[in-house]
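> Shown below is the structure under consideration.
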Amino acid sequence: MRYGSKIAGSFGALCLAAVMMSGVGHADPSEQPAAQPPPAPVTATPAPSADVPAAAPAPQTPPAAVAPAETAPAPVAAPAPPVAPSSPEIAAPQAAQPAPPAKPLLGALVRSRIDALPGDRSEIERQEATVLKAFYEARGDKPLWIADSALNDQAVLAIAEIKKANDWGLDAKVFALPDATNVKSEETAAEAELTLSIAALTYARHARGGRIEDPATQLSSYLDRKPQLLDPKAVLDKLAQSTAPDATLRSFHPQHPQFEKLRQHYLALLKSADAAAEIVRLPKGPALSPGQRHPHVALLRQRLKVAAQDAASEDLYDEPLAVAVKAFQSEKGLSPDGIVGAGSRAALNDIDMPNPEKVRANMEMWRWIPDDLGANHVWVNIPEFTFQFVHDGKIVHEERIISGLVDKQTPTFTADMDMVTFHPRWNVPDSIKVRELYPSLARGGTYFEKQGLRMTRNGRPVDPSYVDWGSTDIRQYDVQQPPGPTNVLGKFKFTFHNKHIVYMHDTTTKTLFDKTSRAFSHGCVRVRNPQRFAELVLAADKGWTPEQVAEIAGGPAIENPIPLQSKIPVHIVYFTERVTDTGEVMRFKDVYGHEERVVLALQGRFDAIARGADHLAPVSYPKPQYAAGNPLETFMNNLFGGF
Numbered sequence: 085m086r087y088g089s090k091i092a093g094s095f096g097a098l099c100l101a102a103v104m105m106s107g108v109g110h111a112d113p114s115e116q117p118a119a120q121p122p123p124a125p126v127t128a129t130p131a132p133s134a135d136v137p138a139a140a141p142a143p144q145t146p147p148a149a150v151a152p153a154e155t156a157p158a159p160v161a162a163p164a165p166p167v168a169p170s171s172p173e174i175a176a177p178q179a180a181q182p183a184p185p186a187k188p189l190l191g192a193l194v195r196s197r198i199d200a201l202p203g204d205r206s207e208i209e210r211q212e213a214t215v216l217k218a219f220y221e222a223r224g225d226k227p228l229w230i231a232d233s234a235l236n237d238q239a240v241l242a243i244a245e246i247k248k249a250n251d252w253g254l255d256a257k258v259f260a261l262p263d264a265t266n267v268k269s270e271e272t273a274a275e276a277e278l279t280l281s282i283a284a285l286t287y288a289r290h291a292r293g294g295r296i297e298d299p300a301t302q303l304s305s306y307l308d309r310k311p312q313l314l315d316p317k318a319v320l321d322k323l324a325q326s327t328a329p330d331a332t333l334r335s336f337h338p339q340h341p342q343f344e345k346l347r348q349h350y351l352a353l354l355k356s357a358d359a360a361a362e363i364v365r366l367p368k369g370p371a372l373s374p375g376q377r378h379p380h381v382a383l384l385r386q387r388l389k390v391a392a393q394d395a396a397s398e399d400l401y402d403e404p405l406a407v408a409v410k411a412f413q414s415e416k417g418l419s420p421d422g423i424v425g426a427g428s429r430a431a432l433n434d435i436d437m438p439n440p441e442k443v444r445a446n447m448e449m450w451r452w453i454p455d456d457l458g459a460n461h462v463w464v465n466i467p468e469f470t471f472q473f474v475h476d477g478k479i480v481h482e483e484r485i486i487s488g489l490v491d492k493q494t495p496t497f498t499a500d501m502d503m504v505t506f507h508p509r510w511n512v513p514d515s516i517k518v519r520e521l522y523p524s525l526a527r528g529g530t531y532f533e534k535q536g537l538r539m540t541r542n543g544r545p546v547d548p549s550y551v552d553w554g555s556t557d558i559r560q561y562d563v564q565q566p567p568g569p570t571n572v573l574g575k576f577k578f579t580f581h582n583k584h585i586v587y588m589h590d591t592t593t594k595t596l597f598d599k600t601s602r603a604f605s606h607g608c609v610r611v612r613n614p615q616r617f618a619e620l621v622l623a624a625d626k627g628w629t630p631e632q633v634a635e636i637a638g639g640p641a642i643e644n645p646i647p648l649q650s651k652i653p654v655h656i657v658y659f660t661e662r663v664t665d666t667g668e669v670m671r672f673k674d675v676y677g678h679e680e681r682v683v684l685a686l687q688g689r690f691d692a693i694a695r696g697a698d699h700l701a702p703v704s705y706p707k708p709q710y711a712a713g714n715p716l717e718t719f720m721n722n723l724f725g726g727f
């Protein structure tokens, strides 16, 4: 019987194994065991079918006796495999738990910080923040400057370049930069990422003039220029694609050759500011003539950089020095007689000392100039009183100009020339009608007729002597000067439509071109040798010959507008410093004070800037009592037209 019990126990174990294997064979192969709910304890009862929920526990029974061999034996209870107990006090296996949520990428933390930025930012800073937030979202919140809880190589290069901002005329102190030693936690890494991205955007904005957002309102209405700001998205995309972000940051500055020449001059002045050699000035003294000996001749040599043949000739006014003096006198519009009198001494002493801040102001104004000047364009520099015509990227013509009076300035702006007019008429603007014509008409003056002016209203001629000017607004009348030999616009007018009603034109007062400072007009630009200018423009646009231009210019005084097929940009600019291709630094007087305004703005002293009146404001029409005299006659005699 002892052996029978052993056989029965072995047989029961085999039956239990068969039952367990049968359950495995009927399981759904698509189900993962780790995801199954805890199974019921194994008992002698049959395994539940697939239709019975696996989580339903089977009733527990005591072990059954061995069945006869000819009948299906009842399985005997056996030790159950390790299973998750139904008791809530015991934790389920780790594999049965859902995966923990992924940590947010660094860009998501950056975006949340952007939402929390202070609300007192400027409008342009708000726009940059919006672009920055979209930038991180578009790149799946991947950081730009952080890798492995540290600043990456690109960040190190960008930070080093931004720290050199002073070398580009910017202010390195305004750029907040991250601390490279404090990016270990997610919070500090996100802060460093955002700080450097904002610094890069600000650098790009300042590189294109963003420190003075609107020169026309902040400095002067005559400065009709805007900073040439880059698209913030394009800035971020370039930095993200660059393996050399330092070079990319440098590329955001103006790429005009003159900007780089001024920058090198600026750096040289910064290095030698304390040791800069003072320009020699001549004290008051007698007139110096060729062949004369005088101690001031040695100073004159130093001023004009003309060396003496030997030490004994230092105070001798010799022929080489006379040649240099005459050249200087011609350049300054003085009589080239070689005699250094009071006027020549004053001109020799009328020069500014080198000043890095003034050079930096000129660099800043270059940040307002369009990137593409045009293969064919006109370049008018007011302080230099010259203009250049550039054809196929080369200067082919340079000539003197006359610009506006200090109180009637020529504005700076860019517009496309679209017409050359032969024998133009002069349409008198409201400003001249109110301030120049009305006082004479109100007193009954006759100079109106003497200058050949014509008045109309609604297209019908009007005799001004029959108008009651004490109760009439002269702005309601059109005043013109027809073409002819006395017309203040001469034979040529070059039109580029703009809100300032400014254009370039010929003039009958050609002697004013001999003056050193030539601010005499009412705002328009008078051109010396306008026929040559017309030849170049019409040759570039239409292929005309000089003979064709001369034929029309010498023909009847009938207004003849010639529209241009291709637009030629006209850039009226204001630069008081220029560096030539040979490295010579040329300095011009700040005739309108714009250089000083920019210097003050870059120092943050906007309250100290004399902005002046808005020259685009409607012309007021006061009716004062006029004394004796004829201001119109003085105006026409001295300036003879133009505006």
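Sequential numbering of the sequence shown, starting at 85, is according to this note's numbering. Positions of the beta carbon are idealized from the N, C-alpha and C atoms, including for glycine. None of the values given here were measured: they were computed from a predicted structure.
For Gln-486, report the span of its alpha helix (DSSP H) as first-last.
Residue identity check: residue 486 is Ile in the sequence provided, not Gln. Looking at the DSSP string, Ile-486 is not in any alpha helix (DSSP H); the run it does join, the beta strand (DSSP E), is 478-488.
> Should Val-703 and Val-518 be called a contact, given that it needs their Cβ atoms to be closer than 8 Å?
For Val-703 and Val-518, yes; Cβs fall inside 8 Å.
> If you pair each beta-carbon of the region 676-684 with each one of the region 532-547, do three or more pairs fall below 8 Å?
The region 676-684, when compared against the region 532-547, does not touch it at the 8 Å Cβ threshold.
> Suppose you measure from the CA of His-678 to the CA of Glu-207; what does that come to, to the nearest Å?
Rounded to the nearest angstrom, the two C-alpha atoms are 26 Å apart.
> Measuring straight from C-alpha to C-alpha, what distance separates Leu-700 and Val-586?
Roughly 12 Å separates the two Cα atoms.
> Could you give the residue range of the alpha helix (DSSP H) that holds Trp-450?
Run containing Trp-450: 440-450, per the alpha helix (DSSP H) assignment.
> Please determine if the region 266-273 and the region 188-208 are in contact, where contact requires at least 3 C-beta pairs separated by less than 8 Å.
As far as the Cβ criterion goes, the region 266-273 touches the region 188-208, which means the pair count is three or higher.
> Just the Cα atoms here: how many angstroms apart are Pro-467 and Val-551?
Their Cα atoms are separated by approximately 43 Å.
> In or out: Ala-156 buried (at least 16 other Cβ within 10 Å) or exposed?
Reliability of the predicted coordinates at Ala-156 is poor, the pLDDT of 44 falling under 50, and no value is obtained from them.
> Contact defined as beta carbons within less than 8 Å: I believe Val-621 pairs with Val-480. What is the distance between those atoms, to the nearest angstrom?
Rounded, the Cβ-Cβ distance is 11 Å, inconsistent with contact.
> First and last residue of the beta strand (DSSP E) that includes Leu-648?
Note, Leu-648: beta strand (DSSP E), 644-657.
> Contact defined as beta carbons within less than 8 Å: I believe Leu-366 pairs with Leu-285. What is the distance between those atoms, to the nearest angstrom?
About 52 Å separates the two Cβ atoms, so there is no contact after all.
> Can the beta-carbon of His-589 be found less than 8 Å from the beta-carbon of Gly-607?
Cβ distance not < 8 Å, so His-589 and Gly-607 don't count as in contact.
> Determine which residues share a DSSP beta bridge with Trp-510 and list them.
Answer by DSSP bridge pairing, in chain order: Gln-565.
> Cα-Cα, which of Asp-255, Ala-396, Gly-417 is closest to Glu-444?
The amino acid at residue 444 is misidentified as Glu; the sequence shows Arg. Per the Cα distances, Asp-255.
> With distances taken from CA atoms, which of Ser-326, Gln-348, Val-194, Lys-310 is nearest Glu-668?
Residue Gln-348 is the option with its Cα nearest to Glu-668.
> Which one of Thr-556, His-290, Thr-591, Trp-450 has the shortest CA to CA distance from Leu-307?
Of Thr-556, His-290, Thr-591, Trp-450, the residue nearest in Cα terms is Trp-450.
> Between Arg-197, Lys-310, Lys-257, which lies nearest to Ile-243 when the distance is taken from Cα to Cα?
Comparing Cα positions, the closest option is Lys-257.
> Quick one, are the C-beta atoms of Phe-576 and Asp-500 less than 8 Å apart?
No; because the gap between Cβ atoms is not below 8 Å, this pair is not in contact.
> What residues are listed by DSSP as bridge partners for Arg-610?
According to DSSP, Arg-610 bridges with Ile-486, His-589.
> I need the DSSP call for His-349, collapsed to helix, strand or coil.
If DSSP states are grouped into helix, strand and coil, His-349 belongs with the helices.
> Determine the direct distance from the alpha carbon of Arg-610 to that of Leu-537, and round the result to whole angstroms.
So the two alpha carbons sit approximately 20 Å from each other.
> Can you name the residues that DSSP bridges to Glu-661?
Per DSSP, Arg-671.
> Give the DSSP-derived three-state secondary structure of Asp-500 in the structure shown.
Of the three classes helix, strand and coil, the one that applies to Asp-500 here is strand, per DSSP.
> For a minimum of 4 consecutive residues, which ranges assigned as the alpha helix (DSSP H) are wholly contained in the region 240-306?
Qualifying alpha helix (DSSP H) stretches, in chain order: 270-291, 299-302.
> With a threshold of 7 Å on Cβ separation, who are the neighbours of Ala-624 within its own chain once the five nearest residues in sequence on each side are excluded?
Counting only Cβ-Cβ distances below 7 Å, and skipping sequence neighbours, we find Asn-460, His-475.
> When the Cα of Tyr-658 is compared with those of Thr-470, Leu-573, Asn-644, which residue comes out closest?
The shortest Cα separation from Tyr-658 among Thr-470, Leu-573, Asn-644 belongs to Thr-470.
> Going along the chain, which unbroken runs of the alpha helix (DSSP H) with 4 or more residues stay wholly within the region 673-706?
Whole alpha helix (DSSP H) segments, 4+ residues: 678-686.
> Starting from the C-beta of Ala-408, find all residues in its chain whose C-beta is less than 6 Å away, skip the five residues before and the five after it, and write them out in chain order.
Only Leu-388, Val-390 meet the Cβ criterion.
> Compare the Cα-Cα distances from Leu-489 to each of Pro-379, Arg-602, Gln-535 and report the closest residue.
For Leu-489, the nearest C-alpha among the options comes from Arg-602.
> Can you tell me which of Asn-446, Asp-394, Ala-618, Pro-438 puts its alpha carbon nearest to the alpha carbon of Glu-482?
Of the candidates Asn-446, Asp-394, Ala-618, Pro-438, the one whose C-alpha sits nearest the C-alpha of Glu-482 is Ala-618.
> Which residues does DSSP pair with Trp-463 in a beta bridge?
Per DSSP, Gln-472, His-655.
> What residues in its chain sit with their C-beta under 8 Å from that of Arg-385, if we drop five residues either side in the sequence?
Only Ala-391, Ala-392, Glu-398, Leu-405 meet the Cβ criterion.
> So Arg-695 packs on Ser-233, CB below 8 Å; how close in whole Å?
The pair is not a contact, with the Cβ atoms about 51 Å apart (cut-off 8 Å).
> Note down, in chain order, each residue of its chain lying with its Cβ closer than 7 Å to the Cβ of Ala-274, except the 5 sequence neighbours on either side.
Closer than 7 Å at the Cβ level, and outside the excluded window around Ala-274, lie Leu-190, Leu-193, Val-194, Arg-197.
> On the three-state DSSP scale, how would you describe Arg-602?
Three-state result, Arg-602: coil.
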